[in-house]
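Below: one structure, written as structure tokens.
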Amino acid sequence: MSTQTLTAQSRKASEIISYDPATGEEVGRAPLASPEDVKEAVRRARAAQPAWASFSFRDRGRVILRARKLLLAERDEIARLVSRETGKPVAEALSMEIVPTLDAMHYFAHASENLLRPQKIDIGQYGLMGRSSTIVFRPLGVIGIISPWNFPLATPADEVVMALMAGNAVVLKPSELTPLIALQIGDIFRRAGLPADLLEIVTGDGSTGAALIDARVDKIMFTGSVATGKRVAAAAAKFLTPVVLELGGKDPMIVLEDADIENAARGAVWGAFANAGQACASVERCYVHESIAPKFIERVVAETRALKQGLGTGDAVDIGSMSNERQLQIVTDHVNDAEQRGAKVLIGGGRGANPDGLFYQPTVLTNVDHEMTIMRDETFGPVLPVMTFKTEEEAIRLANDSVYGLTASIWTRNIARGRRLAERIEAGTVMVNEVVYTHGIAQTPWGGVKDSGYGRTHGRMGLLELVQPQHIHVNRLSFLPDLWWFGYGPKAAKLFGGLASHFTTGSILRTSPLLPQMIRRLFGSRE
Ligand code: NAD
């Protein structure tokens, strides 16, 4: 649905209202698309897609780069809108949304042709028989993107760019909490000259998302909670629609005794509190070696005390408000549960001085254990619970003691040790001396294991989710029948037995004694 259509529709259909969570003010309105609107949007997108698929990569890339130019030129207003719809600081809207989106636009506009270049496959001895195999990557058709509110620009925009570069049309259903940013994405692509109907934005709530699945798109890229992800997968299964699920996390950070304590403490504070802790890859559990725990915790508390919380649009603000009431309530419940079970609040632990906006103070907890909700369920808020460990084995066991597996981090000066331990952690991405940020690297795959979902976005693996690999097999010796075609006499059985013992070893040398029989069968009798 183009922006104009949406504006026209808002008069006749019911609306969703977008509020600033820090002030409660209305930011704007968007239509609540009906199932019929969604079906229509998918129909239009499907009609527009074949022409787009016939564009060269270079021409598709030109459109993306024009959209990039507009986003770059308008970054300050867009960052302000992101801040107003989510409560996050404008600086964070720039660093965690606009910068990675611009980077992804640049990367995929230039690299997609190479990443999706047809691939020749080595087929061993079949190659000597005049055969060749190639994989070509064809667009899927219409990609349905269903996205959450925490990164309302970067999450859907990156996927839009990848899907378009792969030759698909897109229907995007953004979160009901952040519809205006999604409309901006649509508007930017329209002004960049994207042919009509290739990017449809259907604003609405969960029922609109469900309607998008029912409208039978060719793939669903879903980012959101585990509970909704399961519903989406079940609904898509009715039509065998493939799904990528980017779900929640409870990401662990392990600080080994040889870590740079100062930097690890700063990393923990940013990793736990950036975006008010509302990132799927936020540091949600910290495990520190007991020998350095007192110093590390002291540094974490000092860094936390220095943070400035306030309106995202204010000056030099580090932490804004939470994005919605439901999330604020989950955070409050988790911290209360932990306190009741004996956790110690070292700093924060409540809503702070501003009772009107949806603020929650950056909070550091100790005396926590895995019986507490705060160490098991996704909190998705500015809370950093810290536990100690004695041995590497214990740290790995604690990190893996979770139903989630999105990202994890290990902090150590010994890089070889970090790499070795990384491979023992059950997570889609493990960072050594880093947290959270690899979603911002366009070249690297993003996605989880266990309840954090399946499939990938970003990088070549992400791009491959948006195409159909097609195997094309050619036999240049079109005049010859195959060895294994009919004519199953005793000689054939003998040759097939020989093939079983020799040809299947892959060795030309071992197959060569069979050559006279093979040639007789190819050119002569087929007994
Ligand atoms: P959510 O699951 O409530 O909603 C996500 C989207 O699904 C929204 O657009 C919503 O309208 C839509 N939806 C709701 N019901 C639906 C249904 N039945 N069918 C189809 N669509 C439906 O999630 P949220 O609260 O918006 O986002 C927070 C969650 O997202 C957290 O769990 C977070 O960890 C996760 N997340 C994951 C990643 C990742 O890359 N793994 C990134 C960002 C956020």
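Sequential numbering of the sequence shown, starting at 44, is according to the numbering used here.
We treat Cβ as the ideally placed atom computed from N, Cα and C, and that holds for glycine.
- What's the call for G104, buried or exposed, on a 16-neighbour Cβ count within 10 Å? Counting the other Cβ atoms within 10 Å of the Cβ of G104 gives 16 or more, which makes it buried.
- Secondary structure at S445, three-state DSSP: helix, strand or coil? Residue state, collapsed to three classes: coil.
- In angstroms, rounded to a whole number, what distance separates the CA positions of Q47 and P74? Because Q47 carries a pLDDT of 37, less than 50, the predicted location of this residue cannot be relied on, and the following value inherits that uncertainty. Looking at the two C-alpha atoms, the distance is approximately 11 Å.
- Query: Would DSSP call A322 helix, strand or coil?
  - Reply: Assigned with DSSP and collapsed to three states, A322 falls in coil, not helix or strand.
- Would you tell me roughly how many angstroms separate the C-alpha atoms of A278 and S77, rounded to the nearest one? A direct Cα-Cα distance of roughly 18 Å separates A278 from S77.
- Straight-line gap, Y497 to E289 (C-alpha atoms, nearest Å): Cα atoms of Y497 and E289: separation of roughly 7 Å, rounded to the nearest angstrom.
- Task: If I'm right that G353 touches C323 with Cβ under 8 Å, what's the distance once you round it to whole angstroms?
- Result: Not a contact, Cβ separation roughly 25 Å.
- DSSP state of E414, grouped into three classes? For E414, the three-state secondary structure derived from DSSP is coil.
- Message: Does F265 come out as helix, strand or coil in the three-state DSSP assignment?
- Response: The three-state secondary structure of F265, taken from DSSP, is strand.
- Query: Going straight from the alpha carbon of L49 to that of R72, what length do you get?
  - Reply: The predicted model places L49 with a pLDDT of 40, which falls under 50 and marks its position as unreliable; any figure quoted below should be read in that light. Approximately 10 Å, taken between the alpha carbons.
- Query: Which of the three DSSP states, helix, strand or coil, is assigned to Q352?
  - Reply: In the three-state reduction of the DSSP assignment, Q352 falls in the strand class.
- Query: Does the Cβ of E243 lie closer than 7 Å to at least one heavy atom of the ligand NAD?
  - Reply: No, Cβ of E243 sits at least 7 Å from all heavy atoms of the ligand NAD.
- Message: Here's the rule: buried if 16 or more other CB atoms are within 10 angstroms of the residue's CB, otherwise exposed. What is I228?
- Response: Classification of I228: buried, given that the 10 Å Cβ count is 16 or more.
- Query: The beta strand (DSSP E) with P74 in it runs from where to where?
  - Reply: First-last of the beta strand (DSSP E) with P74: 69-74.
- With burial defined as no fewer than 16 other Cβ atoms inside 10 Å of the residue's Cβ, what is the status of Q513: buried or exposed? Per the 10 Å Cβ criterion, exposed.
- Could you pull the start and end residues of the beta strand (DSSP E) that S544 belongs to? S544 -> not in any beta strand (DSSP E); alpha helix (DSSP H) instead, spanning 533-544.
- Starting from the C-beta of E156, find all residues in its chain whose C-beta is less than 6 Å away, skip the five residues before and the five after it, and write them out in chain order. The answer, listed in chain order, is F100.
- Report all residues from its chain with a CB closer than 8 Å to the CB of D361; omit the five preceding and five following residues, and keep chain order. Hits under 8 Å: P132, F316, L350, K351, Q352.
- Report buried or exposed for A459, applying the criterion of at least 16 other Cβ atoms within 10 angstroms of its Cβ. Counting Cβ neighbours within 10 Å, A459 comes out exposed, since fewer than 16 surround it.
- Whole-angstrom C-beta distance between G483 and P143, which should lie under 8 Å: Rounded to the nearest angstrom, the Cβ distance from P143 to G483 is 4 Å, consistent with a contact under 8 Å.
- Message: Give me, in chain order, the residues of the same chain whose beta-carbon lies closer than 7 Å to that of P199; leave out the 5 immediate sequence neighbours on both sides.
- Response: Cβ neighbours of P199 beyond the five flanking positions: I188, S190, L215, P217, A225, I228.
- Query: Where do the N-terminal and C-terminal ends of the alpha helix (DSSP H) with M504 fall, by residue?
  - Reply: That run of the alpha helix (DSSP H) goes 502-507.
- Distance cut-off 7 Å: G549 Cβ against heavy atoms of the ligand NAD: Exclusion of G549 from the 7 Å shell around the ligand NAD follows from its C-beta lying no nearer than that to any non-hydrogen atom of the ligand.
- Taking G355 as the reference, give the member of A319, C329, L183, V343 with the closest Cα. When each option's Cα is compared against that of G355, the closest is A319.
- Message: At the level of alpha carbons, what is the spacing between G357 and S268?
- Response: So the two alpha carbons sit approximately 30 Å from each other.
- Distance CB(T246)-CB(P222) smaller than 8 Å: Contact flag set, yes.
- Item | Contacts around Q370, its chain only, beta-carbon distance under 7 Å, and the 5 residues preceding and following it disregarded | Once the five neighbours on either side are set aside, the close Cβ partners of Q370 are Q321, F423, G424.
- To the nearest angstrom, report how far apart E58 and L255 are at their CA atoms. Each residue's alpha carbon lies about 18 Å from the other.
- With which residues is G187 paired in a DSSP beta bridge? Paired residue(s): V214, I263.
- Item | A451, DSSP secondary structure in three states | Assignment of A451 by DSSP, reduced to helix, strand and coil, places it in the strand class.
- Item | Through-space distance from P559 to G532, alpha-carbon basis | Each residue's alpha carbon lies about 17 Å from the other.
- Message: I need the boundaries of the beta strand (DSSP E) containing I244, first residue and last residue.
- Response: Boundaries of the beta strand (DSSP E) harbouring I244: 242-244, taken from the DSSP string.
- L542 versus L565: straight-line alpha-carbon distance, rounded: Using only the alpha carbons, I get a separation of about 14 Å.
- Item | Three-state secondary structure assigned by DSSP to V426 | Reduced to three states, the DSSP call for V426 is strand.
- Beta-bridge partners of M296, as assigned by DSSP: M296 pairs with C329, S452.
- Task: Find out if the Cβ-Cβ distance for the pair K433, L408 is shorter than 8 Å.
- Result: For K433 and L408, no; Cβs fall outside 8 Å.
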